[in-house]
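Numbering of the sequence shown is given in our numbering, commencing with residue 150 and proceeding in unit increments. Beta carbons are placed, not taken as given, at the ideal position from N, Cα and C, and that holds for glycine. So the structure is just underneath, and the comments pick up after that.
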Amino acid sequence: MKKDKVLVIGAGGQIGVELVAALRVSYGADNVIASDIREEAHPMLKDRGPYVVLDAMNGTAIRELIVKEGITQVYLLAALLSATGEKNPKMAWDINMQSLLQLLDIAVQEKVAKIYWPSSIAVFGPTTPRDNTPQQTIVEPRTVYGVSKYAGELWCQYYHQRWGLDVRSIRYPGLISWKSAPGGGTTDYAVEIYHEALSKGSYNCFLSENTYLPMMYMDDAIRGTIELMEAPAEKMLTRMAYNLSAMSFSPKEIADAIRVHIPEFNISYAPDFRQAIADGWPKSIDDSTAREHWGWKHEFDLARMTADMLKNLSKK
Ligand code: SER
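Set out below in structure tokens:
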């Protein structure tokens, strides 16, 4: 077992519940503190290790906890995602930025060894090359979520340069999981579709049939995140967030993949405001930089993910 003491802020979200479980396997349950603004712990976090009610905006409480527990690594996952952010832009900016800036300061002052902060494909915008989007390219996000993620990446890079803070980040594509639900994102359709395929046999998609987006199964995302955090510092040749990719598909293609298991499954399309967000994002991502720097490699493609999602959700 390693001696690190880890704090996960926003642990009750889609990534958090699975990340905490994986971190507890490597670091020991008692050495991973899950925290979230929700009073009631997510069922996957209940009675499986320490849980603290914590507001990501409350710097005083975060600092106290870090000092009291001797925290060496913090994962800051609390955020408003793209679709929710467009409904409340100022709030999205405040939550996404303030929580990060304040944590970066605390980390420098209290000498926290490592910080993880997630970025997103939302940093890219309609002027970015949309096929095989490179690590370094035109970056002009048009959603407040994307603006906050890109600004955050620049702040992470700045804190690394200026104060030597070891802060690491990934630009996640849409994440697909069965253990935990997404909330407020444009890529959420790719999770909802599996639930409704099983419960109703049909799905009305809020994106049009040929909208391609980069996607990843949660198992890959969690493994990639921990591999990034455990890679030697000299492999982090960029301190902007790493492009990470696994697959790219459209609503029509995921429906076809579901039909391999549920032949009568039916999909219809009713694009809403999220279509414009998706239309400004990459269709696929070039993640060769992460592959070269620290050995990233995905395992799940659409067919394998679909089989796993349907198998696990039907058991549930
Ligand atoms: N899944 C996110 C969203 O759709 C993208 O990072 O907002």
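Could you check if residue i is buried or exposed, using at least 16 other CB atoms within 10 Å of its CB as the buried criterion?
i           : result
residue 449 : buried
residue 237 : exposed
residue 398 : buried
residue 292 : buried
residue 461 : exposed
residue 234 : buried
residue 215 : buried
residue 355 : buried
residue 302 : buried
residue 209 : exposed
residue 429 : buried
residue 400 : buried
residue 272 : buried
residue 262 : exposed
residue 222 : buried
residue 359 : exposed
residue 276 : exposed
Quick one: grab the DSSP three-state call for residue i.
i           : result
residue 338 : helix
residue 277 : coil
residue 454 : helix
residue 194 : coil
residue 365 : strand
residue 282 : strand
residue 462 : helix
residue 245 : helix
residue 428 : helix
residue 135 : Residue 135 is absent from the model: the chain starts at 150 and stops at 465.
residue 168 : helix
residue 254 : helix
residue 406 : helix
residue 396 : strand
residue 156 : strand
residue 179 : helix
residue 187 : coil
Starting from the Cα of residue i, find the closest Cα among the options and give me that residue.
i           : options            : result
residue 241 : 334, 355, 387      : 334
residue 340 : 184, 185, 454      : 454
residue 466 : 440, 447, 411, 363 : Residue numbering for the chain in the displayed model covers 150 to 465; residue 466 lies beyond these limits and cannot be assessed.
residue 283 : 259, 307, 428, 320 : 320
residue 200 : 174, 349, 166, 337 : 166
residue 310 : 155, 218, 160, 389 : 389
residue 274 : 419, 403, 297, 258 : 297
residue 413 : 229, 347, 328      : 347
residue 463 : 411, 444, 400, 417 : 411
residue 331 : 154, 160, 153      : 160
residue 378 : 174, 224, 213, 434 : 224
residue 154 : 381, 219, 423      : 219
residue 366 : 328, 391, 360, 193 : 328
residue 245 : 408, 288, 295, 259 : 295
residue 314 : 438, 158, 254      : 254
residue 441 : 191, 419, 380, 178 : 380
residue 243 : 193, 281, 300, 305 : 300
residue 349 : 422, 191, 179, 417 : 417
Query raised in the report: Within the chosen definition, does the stretch 268-276 reach the stretch 196-216 through at least 3 CB pairs nearer than 8 Å?
Result: no
Requested in this report: Please confirm if the stretch 160-175 is in contact with the stretch 366-374, defined as three or more CB-CB distances below 8 Å between the two stretches.
Outcome: yes
Requested in this report: For the stretch 341-353 and the stretch 451-465, state whether three or more C-beta atom pairs, one from each stretch, are separated by less than 8 Å.
Outcome: yes
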